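First the structure, in the form of structure tokens, and then the observations on it.
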Amino acid sequence: MSAPEAPTEAYTVLAVPADGIPDVVDTPELLATARAALRAGAGPLAIDTERAQGYRYSAKAYLIQLRRAGASTHLIDPTAFEDGQARADFSEFAAELADAEWILHAASQDLPCLAEVRFLPDHLFDTELAARLLGLSKVSLGALMEQALGLTLLKEHSAADWSRRPIPADWLAYAALDVERLSELREWLIEGLTTAGKLEWAEQEFAHLASHAADPPHVRTDPWRRTSGLHGLRSSAALAVVRELWQVRDALARAEDRSPGRVLPDRAITDLAARLEVDHKTSLTRADLRSVRGFSNRVASRYEAQWLDALERVAALPKSELPPRTIAPDGPPMPRSWERRWPKSFARFSRVRPALIEIAGELELPVENLLSPDHLRRLLWDSPDATTAEEVDARLATLGTRPWQRELVVPVITALW
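In numbering that gives the first Met the number 0, the protein residues as written are 0 to 416.
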């Protein structure tokens, strides 16, 4: 293991913020005070967000926690500064802190909601990614705090409904503690990365994250195909039921800003669609709808007319408008399907992948951090019979593979081509 030695004493439960529980910043005056304090602070900026996924339709931030040496901790309510817009605009606030390195844990989870309020870093340090590069087996914030600092974080409010107002005091304490010791964790990880000769790797990874933080979110093709239980359906007619009900539920959830699963559970949708196949039906009725438990819950039952309208639309669809059972993958298919149609690519993958796994093991890092599986698939799928190191390097660079990764993998891939 490349990390520094962990403390040997018993873990201390981190339960109360050192400076007490901060007030929520939810007025222009309080925001101005917080901004001035953070500008005057020194060193990196610890940051975290709290969302209400599982309760709300959107994944927007309902609380932003900030801490900097000399500035204490500030809990910002971004919803209080929307001024009639869908999201607040903190771009000027972010510009005031542009020179600081922002410390986040699992930055890819927080950056999308920070992008919505235009509060993004120019430079960042991702404690989870740093831990992965060190090859640590447990990379959650709680596990790292225990290993690095001998501290235990209480996580009982991690899945709370952070859209609730006022936010309870014990929730605010939890939120403040998530950023209170991030700066110390960063120092511990930097020590480990430096000792392991991986600090430059981490810096390249962090720069990549920061440069793509404002990228628009990926729009998934046919998102309804991710409905739980869909794999058990075989007919296009059943898939059409899922598609139509999913789209109705999505519209209702969006309008109410409610988590789709709290409007109607996924399993209710697929269980109802399965009735077509199990009972050999050509259409579904009100009785079928009411026989599925999920449709009788307090919220779903209010929309019975909409569910029935959706079923009628499905029954009226001609075969030509039924969804196909499968769709072309977004990018290359999975390598296990290459053997018959692209045997040379399959053989090439079968040589390269084990070699990369071996290198990753020697370097003590996950193979997916050595080279993105998607980048490897796109490089090798339906690939030419011959190539050069320069061509492999250029292709991986186009895909976004970082220089440190290319330096390690290009010679191996080229030799095994």
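Ideal Cβ placement from N, Cα and C applies to all residues, glycine included. Since this is a predicted model, take the numbers as computed values, not measurements.
Whether residue i touches residue j by CB criterion (7 Å)
i	j	result
E100	P43	yes
A286	E243	no
P21	A172	no
A45	S182	yes
L363	G134	The displayed chain sequence assigns Glu, not Leu, to residue 363. Closer than 7 Å, so yes.
L150	M144	yes
D82	A97	no
V262	A252	yes
F89	R117	yes
P332	F348	no
R401	H217	no
V24	H73	yes
S344	W380	yes
A388	V409	yes
F80	A87	yes
L398	H374	yes
L119	L113	yes
V291	A254	no
R257	Y56	yes
Candidates the options: closest to residue i by CA position
i	options	result
V423	D125, W337, D214	Beyond the ends of the chain as shown, which are 0 and 416, falls residue 423; an answer cannot be given.
E115	A309, K59, A393, E390	K59
L395	R377, D384, P383	R377
A236	L321, V247, V391	L321
Y61	V218, F92, A159	A159
G53	V247, V391, P264	P264
P342	D373, S382, P222	S382
S424	A147, W380, L355, K280	Since the displayed the chain opens at 0 and closes at 416, residue 424 lies outside it and no answer follows.
I326	T269, L238, W306	L238
P372	V351, E255, S107, D18	V351
R38	R266, E91, R257	E91
A147	F205, W337, P317, R180	R180
T418	R297, G260, W306, R339	The structure shown does not extend to residue 418, since the chain spans only 0 to 416, so no value can be given for it.
Under the three-state DSSP convention, the category residue i falls into
i	result
W380	coil
F124	strand
A17	coil
W161	coil
W403	helix
I63	strand
S258	coil
L176	helix
S227	coil
L74	strand
A58	coil
V116	coil
L135	coil
T220	coil
D283	In the sequence on display, residue 283 carries Leu and not Asp. The answer is coil: DSSP assigns L283 none of H, G, I, E or B.
L152	strand
T413	helix
A33	helix
Q246	helix
Alpha carbon of residue i to alpha carbon of residue j, nearest angstrom
i	j	result
L271	E406	53 Å
W416	A213	36 Å
P27	V411	57 Å
A314	G293	21 Å
A273	I75	46 Å
L184	V366	24 Å
D329	S227	20 Å
P215	W161	24 Å
M0	E202	With a pLDDT of 49 at M0, under the threshold of 50, the modelled position of that residue is not reliable, and no figure is offered here.
P77	A85	11 Å
A41	S295	56 Å
T193	A130	13 Å
T413	E199	24 Å
T32	I63	15 Å
A195	W187	13 Å
L370	R219	23 Å
K137	S319	50 Å
A14	R164	22 Å
V247	A304	11 Å
N368	G191	17 Å
I288	T269	According to the sequence shown, residue 288 is Leu rather than Ile. Rounded to whole angstroms, L288 to T269 spans 12 Å at the Cα level.
S336	A359	25 Å
For residue i, the first and last residue of its enclosing alpha helix (DSSP H)
i	result
Q305	303-314
I189	181-195
S344	342-362
V277	265-277
Q203	198-210
N- and C-terminal bounds of the beta strand (DSSP E) containing residue i
i	result
I102	100-103
T386	Taken as a continuous stretch (DSSP letters only), T386 belongs to no beta strand (DSSP E), as it is neither H nor E.
G141	No beta strand (DSSP E) contains G141, which is instead part of the alpha helix (DSSP H) from 140-148.
A41	41-49
Any chain D beta carbon closer than 7 Å to residue i
i	result
A45	Included in the structure is just one protein chain, with no chain D present.
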